[in-house]
Each structure stands twice: as structure tokens, then as C-alpha cells.
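Quick note on numbering: the sequence shown equals residues 786 to 944 in my numbering.
We treat Cβ as the ideally placed atom computed from N, Cα and C, and that holds for glycine.
The structure under discussion appears below in the form of C-alpha cells.
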Amino acid sequence: MAVLKILKDGDELLRKKSREVTEITPRVLTLLDDMKDTLHKANGAGLAAPQVGVLRRIVLIEVEDGKLYEMINPEIIERSEELQHELEGCLSIPGRWGYTERPKTVTVRAMDRNGKYYTLTGTDLLARAICHETDHLDGILYSDHARMLSKKEADELFG
Ligand code: ZN
């Protein structure tokens, strides 16, 4: 297991479309383990494979400590009409935050590390994380559509 380097905004790999995983190989399992170490070290809520320079459709989400979701080939299959407007950040855009508009609830279908598909419905923070991380797989960063906080606003909110 290893902590990987997280690419920062400006790196062109973050703008590429990631490819589907067709087979759960030992390499995929190692990547999942390394991404978990990297996510925990960075104290983040989610991490997508392209953020560590691997253009594969894999994301990890842990918005609740100890409850880690591994998602291979995730696809959002349902979005609520009700929206939420909340603050978001990204490990690839350190020190910045912005308000995004996201569905309040989404349902995602993804494969786990055993190659089994499952569906997960998330609300509020979990829904935001699912949208944010799956966007990474298509080269989209939240700052593309967020109202980013100025430094002054961020200082006032976070001290
Ligand atoms: Zn991100």
C-alpha cells in the first residue's frame, strides 16, 4: 500500500475522460488500496483515480468515517429534481471552496472490488460527493460550475 501523489488543477490529466474498467485485475485492487491510503492521508471525503494520474473509472467516497465506498465504473442513474446549494472543495484545488448546485439525492450504480454491481442512494453530502467524484471521470472539476469563494470570504468562514 502506498500514498500516491494528488494532481493539482492545471494538470492536463485532470481534464481527460477516464476509461471503463473491464476486468478486476491485481493492478486495480492495488490501485483501490493505494487510493484509500491517499484519501485517508489527505483527510478527504472522496478521491477519483484521475486525481492520482490513472485514467480509469474508479472513485472512493468516505463522507462518514469508516464507511468507505469503492465504486468501479460508477454511473448516476437517478437524480432528484430537488437541488442543494452547498460548499464544496477538492483535494486537487487545495485551499479553495465554492458553492455548487447539485441534486439533493442521487442514486449511483457501480461495481465493487469483487466485480459485483450494487446501487447506492445518497442524500446531501453523500450526493454531492457522488456527483463531484463521478464528474472527475469526465474531466470536470467543481470549480467549472461553482461560485468560488474569494480569499476574504473563505477566511471569514473558516478563520
Ligand atoms: Zn475533486
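E805, DSSP secondary structure in three states: Residue state, collapsed to three classes: coil.
Distance, Cα to Cα, K821 vs L845? When the Cα atoms are used, K821 and L845 turn out to be separated by approximately 7 Å.
With T810 as the anchor, note down where its beta strand (DSSP E) starts and where it stops. The continuous stretches of beta strand (DSSP E) do not include T810, and DSSP gives it neither H nor E.
Range of the contiguous alpha helix (DSSP H) that encloses E941: Here the alpha helix (DSSP H) through E941 covers K936 to F943.
Can you have a look at H870 and say buried or exposed, based on whether 16 or more other CB atoms are within 10 angstroms of its CB? H870 comes out exposed.
Cβ distance (whole Å) where L911 is taken to contact V848 below 8 Å: Yes, L911 and V848 are in contact; Cβ-Cβ is about 5 Å, under 8 Å.
Span of the alpha helix (DSSP H) holding L910? Run containing L910: L910 to H921, per the alpha helix (DSSP H) assignment.
What is the residue span of the beta strand (DSSP E) that R800 lies within? From DSSP, R800 is part of no beta strand (DSSP E); its letter is neither H nor E.
L911 Cβ short of 7 Å to ligand 1 heavy atom set: No, the Cβ of L911 stays beyond 7 Å of every heavy atom of ligand 1.
Express the C-alpha separation of H921 and M768 in angstroms, rounding to a whole number. No statement about residue 768 is possible, as the shown extent of the chain runs from 786 to 944 and does not include it.
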